[in-house]
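Visitor: Starting off with a structure, shown below.
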Amino acid sequence: MLSPTRSSVEAILKTVITTVSTILQESTSATAERQEESNDADDSEPSKKKFKDDTEVETSATKTLYPSQPRLPKKRKVCVSFGYCGAGYFGLQRNAKDKIHRTIEDELVEAFVKVDAIPQAHADDMSKMCFQRAARTDKGVSAVANLVSLKLSPLENLTQLVNEQLPKQVRMFGVKRVAASFNSKNSCDARTYIYILPTYAFCPIEEITSESYRITPEVLQLVKDVSSEYLGSHNFHNFTSGKKFTDPSARRHIFSINVAEPFMKENVQFTIITIKGQSFMLHQIRKMTSLIIAIVRGIASRDTIQQAYNADKIDIPKAPPLGLVLEKLHYDRYDKKFGNDGQHESLMWEEAQTDITTFKEEIIVPHIVKKEITDKSMFSWLFFGPMLSCYEHSSPYFSIVTYIIPTLLGHLRHLPCVQKLLDNACMNELDDDDDDNNGADE
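Residue 52 in the UniProt record's numbering sits at position 52 of the sequence shown; the count goes up by one each step and never skips.
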């Protein structure tokens, strides 16, 4: 390999220096041209970064004169416990576009807006606040303690503020923060309903049915024995509307059913049937109550309940809706998982039980008792409802109840008291034609 000479090295260095010098000169010229163009642009049009135009100045002045409203606290997922007497309302569920038929949720949502717990936009579109009800109730049906879940601003003293905006027959009992995954309907393990009725509904068909009837210990025990046949898991397809025997959703589980000792109200004897189930279908509780009445009175045979669990179709009429009340919702699994995690609270509402019981005893029960005594909806249903035509009978007294009494009253319908009984029977039938959800969680 040949070694480079001194002259060759000098020639190479000279070439490199010349090349670098040329590159630097070209770069300097380009930079000068760009700077000159930029200066020309600055002379022709003021920079937007240096000067505010009229719009910006006006906006700034507007913000100074009309400051924005303070923002609400960050919304949280909560559940709200509340009770209501359903008289005069078209059920629980709200339809924001319906301004004629007033519902319980109308009262509740409007109260939230008035205290700034939710904006009006969320009231107009309830999906924006992830609103979900635990159990629906229909026109005229009451609830001791129902529950809804939603997102709202957790204001201080929210329960008190909301109650100040609500009518007396609707009460909020409390609000609690819940897990983000909580759904008031799907997270519910069980529901407890009560049915309040006069004891003359159980009067044997051989006896005279009137408000002076007093249930005997033997008849009361029969009511308890018949009711116990509902316990456990059964196919309740005959206790609802539109479900086939093969539909898996017709199978429901009843945890407990109790019949209370009778009590007197305004010289009429009443009792309460309490039913706790995993969930209930449309009309289910009213049909269950109706069949208990039919068996105890001697209109239906004792084995009718067991027959109703089979595939054959049995037409079971619905008891009047007046006495049906949603009493309690159960969230045992949720409480076990989240109730003591330090961030959420138990949904047993023990701290509100005094208020809940007071509302039940002072608002709901008196309304049902007074309405029953005044309108005699149960009496009208017993004699003019569809029950008497639904079952086969062997009692010699049945012809008297079925034909003679209705015929006699038909001839006396010009009397105001008789006309009222017939009108109430018709009203019960009209209520049944409504798209109701009495005792329905679906």
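For glycine and all other residues, C-beta sits at the position ideal for the given N, C-alpha and C.
Computed from a predicted model, the values in this text were never measured in an experiment.
Should residue 450 and residue 338 be called a contact, given that it needs their Cβ atoms to be closer than 9 Å?
Guide: Residue 450 is absent from the model: the chain starts at 1 and stops at 442.
Visitor: Quick one: complete alpha helix (DSSP H) runs, 4+ long, within the UniProt domain "Pseudouridine synthase I TruA alpha/beta" (228-332)?
Guide: 284-297, 304-308
Visitor: Relative to the C-alpha of residue 116, which residue among 281, 153, 187 is closest?
Guide: 153
Visitor: Relative to the C-alpha of residue 217, which candidate in 225, 137, 211 has its C-alpha closest?
Guide: 225
Visitor: Taking residue 382 as the reference, give the member of 363, 298, 100, 257 with the closest Cα.
Guide: Closest option to residue 382, judged by alpha-carbon separation, among 363, 298, 100, 257: 298.
Visitor: So, at 6 Å on beta carbons, what are the nonlocal neighbours of residue 122 in its own chain, with the 5 sequence-adjacent residues on each side left out?
Guide: 128, 129
Visitor: Are the stretch 281-300 and the stretch 317-328 touching, with three or more C-beta to C-beta distances below 8 Å?
Guide: yes
Visitor: Is the beta carbon of residue 162 closer than 9 Å to that of residue 108?
Guide: Yes, these two residues count as a Cβ contact at 9 Å.
Visitor: Between residue 110 and residue 167, what straight-line distance do the alpha-carbon atoms span, to the nearest angstrom?
Guide: 12 Å
Visitor: Are residue 277 and residue 190 closer than 9 Å when you measure CB to CB?
Guide: yes
Visitor: Which whole-angstrom value describes the C-beta separation of residue 143 and residue 83, a residue pair presumed to lie in contact below a C-beta threshold of 8 Å?
Guide: 6 Å
Visitor: If you measure between the beta carbons of residue 329 and residue 347, is that distance less than 9 Å?
Guide: Against a cut-off of 9 Å, the Cβ pair of residue 347 and residue 329 comes out as a contact.
Visitor: With respect to the alpha helix (DSSP H) encompassing residue 151, which residues constitute its N-terminal and C-terminal limits?
Guide: Here residue 151 belongs to no alpha helix (DSSP H); instead the beta strand (DSSP E) covers 142-152.
Visitor: Would you tell me roughly how many angstroms separate the C-alpha atoms of residue 369 and residue 359, rounded to the nearest one?
Guide: 15 Å
Visitor: Among residues of its own chain, excluding the 5 on either side of residue 184, which ones have a beta-carbon nearer than 7 Å to its beta-carbon?
Guide: 79, 132, 133, 134, 147, 148, 149
Visitor: Who are the near neighbours of residue 151 in its chain, counting only those whose CB is closer than 6 Å to its CB and skipping five residues on each side?
Guide: 75, 77, 129, 130
Visitor: Counting only runs of 3+ residues fully inside the stretch 143-226, write out the beta strand (DSSP E) ranges in chain order.
Guide: 170-177, 190-198
Visitor: As a quick exercise: from 126, 261, 371, pick the residue whose alpha carbon is nearest that of residue 223.
Guide: 261
Visitor: Please list the terminal residues of the continuous beta strand (DSSP E) segment that includes residue 113.
Guide: That residue, residue 113, is in no beta strand (DSSP E); its alpha helix (DSSP H) goes 104-114.
Visitor: Please work out which residues of its chain come closer than 6 Å, Cβ to Cβ, to residue 124, disregarding the five sequence neighbours upstream and downstream, and give them in chain order.
Guide: 96
Visitor: In angstroms with no decimal places, state the Cα-to-Cα distance between residue 309 and residue 192.
Guide: 22 Å
Visitor: Thinking just about the alpha-carbon of each residue, which of 81, 385, 372, 159 is nearest to the one in residue 267?
Guide: 372
Visitor: According to the Cβ coordinates, are residue 195 and residue 305 closer than 9 Å?
Guide: In this structure, residue 305 does not lie closer than 9 Å to residue 195 by Cβ.
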